[in-house]
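A.B. asks: Protein chains in written order, with this note's numbering: chain L, 1 to 140; chain X, 1001 to 1140; chain U, 2001 to 2140; chain S, 3001 to 3140.
There are 4 protein chains.
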Amino acid sequence: MSVRMDATALAAFLEREFPQVHSDFVIERVAEREVTVRLAVETRHLRPGGTVSGPTMFSLADVTVYLAVLAMIGPRALAVTTNCSIDFMRKPANGADLLATCRLLKLGRLLAVGDVLIHSEGVPDPVARATLTYAIPPEG
Amino acid sequence: MSVRMDATALAAFLEREFPQVHSDFVIERVAEREVTVRLAVETRHLRPGGTVSGPTMFSLADVTVYLAVLAMIGPRALAVTTNCSIDFMRKPANGADLLATCRLLKLGRLLAVGDVLIHSEGVPDPVARATLTYAIPPEG
Amino acid sequence: MSVRMDATALAAFLEREFPQVHSDFVIERVAEREVTVRLAVETRHLRPGGTVSGPTMFSLADVTVYLAVLAMIGPRALAVTTNCSIDFMRKPANGADLLATCRLLKLGRLLAVGDVLIHSEGVPDPVARATLTYAIPPEG
Amino acid sequence: MSVRMDATALAAFLEREFPQVHSDFVIERVAEREVTVRLAVETRHLRPGGTVSGPTMFSLADVTVYLAVLAMIGPRALAVTTNCSIDFMRKPANGADLLATCRLLKLGRLLAVGDVLIHSEGVPDPVARATLTYAIPPEG
């Protein structure tokens, strides 16, 4: 199964369909069943103590799986998250961007499941992990 | 075990510690191990199709459990989410506020666990459910 | 929506389709979108220290949601669990049976979501909570 | 950080502390923060249609993370699971053993988090994935 949308196509889709969030995210890498997205951390993403907020990390995990699904099935705006489990394991490094990498573990006709690891750039131990399930709308 | 912070005290705490998000949330009700928070839905919370975004619902669930913990243990800014599972079950009703109710199922010395149901105001079937674990920092 | 299988019908179904586990479980109560199941705790369910094993509690949560789904849709052996999140919050009471109560939060055409609370009989604080998603096979 | 218990030491511990389950599991490989465990599938693990039961896969995931924690911290019987999220993604292959591989993502003083992938032997797509959190009792 080959990639149907590359980083440029995914970025254009994100800009068109999600104008309110697309500027937070940079698509770093797209491969078969694997996508990496960068969050350029800014002050509005932070909580007291300088940590990136939980909702920001959820948002990063969510968009990364979404893009990994779209990369394989092509543009469908209406795929929706049905479930997420997320573990926050360490405080992100101060001043570092976050990098989220999704591996699609399942890409069925109706459901897709993706695992995400989030790292502070340059730090080997992960900040967070998440698994998300997307319900895929019927084609056409 | 009695409530240590009422709605007024929790709102003041939220405003002081989380200035970037407090205006989204209204604390509707505080009781022993149970808190209800309203999200006044605005355009910036929406996704294509008029649905409230996943990160917005995550954020609502997260703050509701946080406030339910603080209501019982008193103000400690550094309690952190360690885990969340969330199920998105229905599209929220157009134009309705969201109401999240947390029940604390566990309030231990180190860990607290809260269950959250999110409803569109006036609609009986829940939009989402979540369970969050908070790590509680040692006192003093 | 009314109940299609009562406790007697569900117990007969369980005995026929799951002969290896049915004797562990007693169906205590069946109502619209709500089922309570008892686990008569025996030595084979225990771990060192006298606690009921995690897999035993998972099994109890799983069967309780399954029965709550079947009670509403009628007998279909092939509904499968796609996702579970479970929190183990307290040690069960020594020598007490476990009671699991499921509320179905969603009963869609393709997916059902149920919340479960597990208590030691007679103890108000829950031992565990779980949420399970079932994929429902097409009818006929 | 080096491995404190190898496969032989872990197997002896499992046999001593968990006599009722140890014979199901074979420890295939132990490395720093990574353990692989085989479940020799037998009739008692199966459900109608020949699939391995959910509780059996939960049990395999649970024991694999437990052994990965013990491999690093040494023998402590009282580490307990506090949380698990598990996704069942495909039917296991008929007649094949299951192999579970855990990577420890966090090994803190109080909490450990491990990710598990479960495969049917010889099949590249995973059958299930799970993440478990263990609470680690204080030493001594």
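Glycine included, each C-beta is placed from N, C-alpha and C at the ideal position.
With 9 Å as the limit, tell me which residues of the stretch 2068-2094 of chain U have their beta carbon closer than that to any beta carbon of chain S; keep them in chain order.
C.D. replies: Correct list: A2077, L2078, V2080, T2081, T2082, N2083, C2084, S2085, I2086, D2087, F2088, M2089, K2091.
A.B. asks: Which stretch, first to last residue, makes up the beta strand (DSSP E) that contains E1034 of chain X?
C.D. replies: To locate residue 1034 of chain X, count along the second sequence from 1; it is residue 34. Here the beta strand (DSSP E) through E1034 of chain X covers 1034-1039.
A.B. asks: For T8 of chain L, would you say it is in contact with chain C, using Cβ-to-Cβ distances shorter than 8 Å as the test?
C.D. replies: Note that chain C does not occur in the displayed structure, where the protein chains are L, X, U and S.
A.B. asks: Checking contacts by CB at 8 Å: is R1044 of chain X closer than that to chain L?
C.D. replies: Numbered from its first residue, the second sequence carries residue 1044 of chain X at position 44. Yes, R1044 of chain X counts as interfacial toward chain L.
A.B. asks: I want to verify the contact list: residues of chain S whose CB lies under 8 Å from the CB of R109 of chain L, in sequence order.
C.D. replies: Residue mapping note: residue 109 of chain L aligns to position 109 of the first sequence, counting from 1. Going along chain S, no residue has its Cβ under 8 Å from R109 of chain L, so there is no contact; the nearest lies around 13 Å.
A.B. asks: Excluding the 5 residues preceding and the 5 following M1005 of chain X in the sequence, name in chain order all residues of the same chain whose CB lies nearer than 8 Å to its CB.
C.D. replies: Within the second sequence, the letter at position 5 stands for residue 1005 of chain X. Exclusion of the five residues before and after M1005 of chain X leaves F1013, V1030, L1070, A1071, G1074, P1075 as the residues of its chain whose Cβ lies within less than 8 Å of its Cβ.
A.B. asks: Which residues bound the alpha helix (DSSP H) around L14 of chain L?
C.D. replies: Here residue 14 of chain L refers to the residue found at position 14 of the first sequence. In the DSSP assignment, L14 of chain L falls within the unbroken alpha helix (DSSP H) covering 7-17.
A.B. asks: Within the continuous alpha helix (DSSP H) that includes D97 of chain L, where are the two ends?
C.D. replies: Within the first sequence, numbered from 1, the residue matching residue 97 of chain L stands at position 97. Taken as a continuous stretch (DSSP letters only), D97 of chain L belongs to no alpha helix (DSSP H), as it is neither H nor E.
A.B. asks: Can you check whether the C-beta of E3015 of chain S is within less than 8 Å of a C-beta belonging to chain U?
C.D. replies: Sequence index remark: in the fourth sequence, residue 3015 of chain S carries index 15 (1-based). Taking CB atoms only, E3015 of chain S has no neighbour in chain U less than 8 Å away.
A.B. asks: Which whole-angstrom value is the C-beta distance of L1104 of chain X and G1114 of chain X, which I expect to be below 8 Å?
C.D. replies: Position 104 of the second sequence holds residue 1104 of chain X. Position 114 of the second sequence holds residue 1114 of chain X. Indeed, because the Cβ distance is near 5 Å, the residues count as touching under 8 Å.
A.B. asks: In whole angstroms, give me the CA-to-CA distance for T1051 of chain X and S23 of chain L.
C.D. replies: Residue mapping note: residue 1051 of chain X aligns to position 51 of the second sequence, counting from 1. Residue mapping note: residue 23 of chain L aligns to position 23 of the first sequence, counting from 1. Going by the C-alpha atoms only, they are around 20 Å apart.
A.B. asks: For P126 of chain L, go through chain S and note every residue whose CB falls closer than 7 Å to its CB, in chain order.
C.D. replies: Taking the first residue of the first sequence as 1, we reach residue 126 of chain L at position 126. Under the 7 Å cutoff, chain S gives L3105.
A.B. asks: Please say whether E32 of chain L and V3 of chain L have beta carbons closer to each other than 8 Å?
C.D. replies: Residue mapping note: residue 3 of chain L aligns to position 3 of the first sequence, counting from 1. Residue mapping note: residue 32 of chain L aligns to position 32 of the first sequence, counting from 1. Result yes, Cβ atoms of V3 of chain L and E32 of chain L sit closer than 8 Å.
A.B. asks: Rounded to whole angstroms, what's the CA-CA distance from G3122 of chain S to E15 of chain L? Just pull it up for me.
C.D. replies: As a working note, residue 3122 of chain S is residue 122 in the fourth sequence. As a working note, residue 15 of chain L is residue 15 in the first sequence. Taking the straight line from one Cα to the other gives about 42 Å.
A.B. asks: Give the secondary structure of I136 of chain L by DSSP, where H, G and I count as helix, E and B as strand, and everything else as coil.
C.D. replies: Locating residue 136 of chain L in the first sequence gives position 136, where the first residue counts as 1. Reduced to three states, the DSSP call for I136 of chain L is coil.
A.B. asks: Under 7 Å Cβ-Cβ, which residues of chain L neighbour T3051 of chain S?
C.D. replies: Taking the fourth sequence and counting its residues from 1, the one referred to as residue 3051 of chain S is at position 51. The contacting residues do not exist; T3051 of chain S stays about 16 Å from chain L at best.
A.B. asks: Take the Cβ of M57 of chain L as the centre, count every other Cβ of all protein chains shown within 10 Å, and call the residue buried at 16 or more, exposed below.
C.D. replies: The count along the first sequence starts at 1 and reaches residue 57 of chain L at position 57. A buried status is given to M57 of chain L, since no fewer than 16 other beta-carbon atoms sit within 10 Å of its beta-carbon.
A.B. asks: Excluding the five sequence neighbours on either side, which residues of its own chain have a C-beta within less than 6 Å of the C-beta of T3131 of chain S, listed in chain order?
C.D. replies: By one-based count along the fourth sequence, residue 3131 of chain S stands at place 131. Within the same chain, T3131 of chain S has close Cβ partners S3085, D3115.
A.B. asks: Per DSSP, what kind of secondary structure is D3125 of chain S in: helix, strand or coil?
C.D. replies: The residue you call residue 3125 of chain S lines up with position 125 of the fourth sequence. Note: D3125 of chain S maps to coil in three-state DSSP.
A.B. asks: Can you confirm whether Y1065 of chain X, when its beta carbon is compared against all beta carbons of chain U, has any partner nearer than 8 Å?
C.D. replies: As a working mapping, residue 1065 of chain X is identified with position 65 in the second sequence. Note on residue identity: the sequence assigns Val, not Tyr, to residue 1065 of chain X. Judged by the 8 Å Cβ criterion, V1065 of chain X is not in contact with chain U.
A.B. asks: Look at the Cβ atom of A2068 of chain U, then the Cβ atom of V2021 of chain U, and state whether they are nearer than 8 Å.
C.D. replies: Translated into positions along the third sequence, residue 2068 of chain U becomes position 68. Translated into positions along the third sequence, residue 2021 of chain U becomes position 21. It is not a contact, given that the beta carbons lie outside the stated cut-off.
A.B. asks: Taking the beta strand (DSSP E) that L2117 of chain U belongs to, which residues open and close that run?
C.D. replies: Sequence index remark: in the third sequence, residue 2117 of chain U carries index 117 (1-based). 2111-2120 is the span of the beta strand (DSSP E), which, as asked, contains L2117 of chain U.
A.B. asks: For D87 of chain L, tell me which candidate among X:V1063, X:F1088, X:V1080 has the shortest Cα-Cα distance.
C.D. replies: Translated into the one-based positions of the first sequence, residue 87 of chain L becomes position 87. Of the candidates X:V1063, X:F1088, X:V1080, X:V1080 places its Cα closest to the Cα of D87 of chain L.
A.B. asks: May I have the straight-line CA-CA distance separating V127 of chain L from T2008 of chain U, to the nearest angstrom?
C.D. replies: Mapped onto the first sequence, residue 127 of chain L falls at position 127. Mapped onto the third sequence, residue 2008 of chain U falls at position 8. Each residue's alpha carbon lies about 50 Å from the other.
A.B. asks: In the DSSP assignment, find the beta strand (DSSP E) that holds A1031 of chain X and state where it starts and stops.
C.D. replies: Locating residue 1031 of chain X in the second sequence gives position 31, counting from the first residue. Run containing A1031 of chain X: 1025-1031, per the beta strand (DSSP E) assignment.
A.B. asks: Just tell me which of L:L111, L:G49, L:T82 has its CA closest to the CA of P1055 of chain X.
C.D. replies: One-based indexing of the second sequence puts residue 1055 of chain X at position 55. Looking at the Cα atoms, L:T82 is the closest of the given residues.
A.B. asks: Mind reading off the beta-carbon distance from I2118 of chain U to A2100 of chain U? Whole number of angstroms is fine, and I expect it under 8 Å.
C.D. replies: In the third sequence, counting from the first residue as 1, residue 2118 of chain U sits at position 118. In the third sequence, counting from the first residue as 1, residue 2100 of chain U sits at position 100. So it is a contact: roughly 5 Å between Cβ atoms.
A.B. asks: Looking at the C-beta of F25 of chain L, does it have a partner C-beta in chain X at a distance below 8 Å?
C.D. replies: Residue 25 of chain L sits at position 25 when you count from the first residue of the first sequence. For F25 of chain L, the answer is no, since every Cβ of chain X falls outside 8 Å of its Cβ.
A.B. asks: Identify every residue that forms a DSSP beta bridge with V2052 of chain U.
C.D. replies: Reading the third sequence from its first residue, position 52 is the one you call residue 2052 of chain U. Note: V2052 of chain U sits in a beta bridge opposite U:L2046.
A.B. asks: For H1045 of chain X, which of X:E1017, X:P1137, X:L1078, X:A1096 has the nearest alpha-carbon?
C.D. replies: Here residue 1045 of chain X corresponds to residue number 45 of the second sequence, with the count starting at 1. Residue X:A1096 is the option with its Cα nearest to H1045 of chain X.
A.B. asks: Excluding the 5 residues preceding and the 5 following K1999 of chain U in the sequence, name in chain order all residues of the same chain whose CB lies nearer than 7 Å to its CB.
C.D. replies: The requested residue 1999 of chain U does not occur in the structure, where chain U is confined to residues 2001 to 2140.
A.B. asks: Listing by chain order, which chain S residues have their CB less than 9 Å from the CB of R33 of chain L?
C.D. replies: As a first step, residue 33 of chain L is located in the first sequence; it is residue number 33 there, counting from the start. Taking a Cβ-Cβ threshold of 9 Å, none of the residues of chain S is close to R33 of chain L; the smallest such distance is about 10 Å.
A.B. asks: In three-state DSSP terms, what is L2078 of chain U?
C.D. replies: Taking the third sequence and counting its residues from 1, the one referred to as residue 2078 of chain U is at position 78. Three-state DSSP puts L2078 of chain U in coil, outside helix and strand.
A.B. asks: Name, please, each residue of chain S whose Cβ falls closer than 7 Å to the Cβ of D115 of chain L.
C.D. replies: By one-based count along the first sequence, residue 115 of chain L stands at place 115. Correct list: R3129.
A.B. asks: Give the secondary structure of S3002 of chain S by DSSP, where H, G and I count as helix, E and B as strand, and everything else as coil.
C.D. replies: The sequence position of residue 3002 of chain S within the fourth sequence is 2, counting from 1. DSSP places S3002 of chain S in coil when its eight states are reduced to three.
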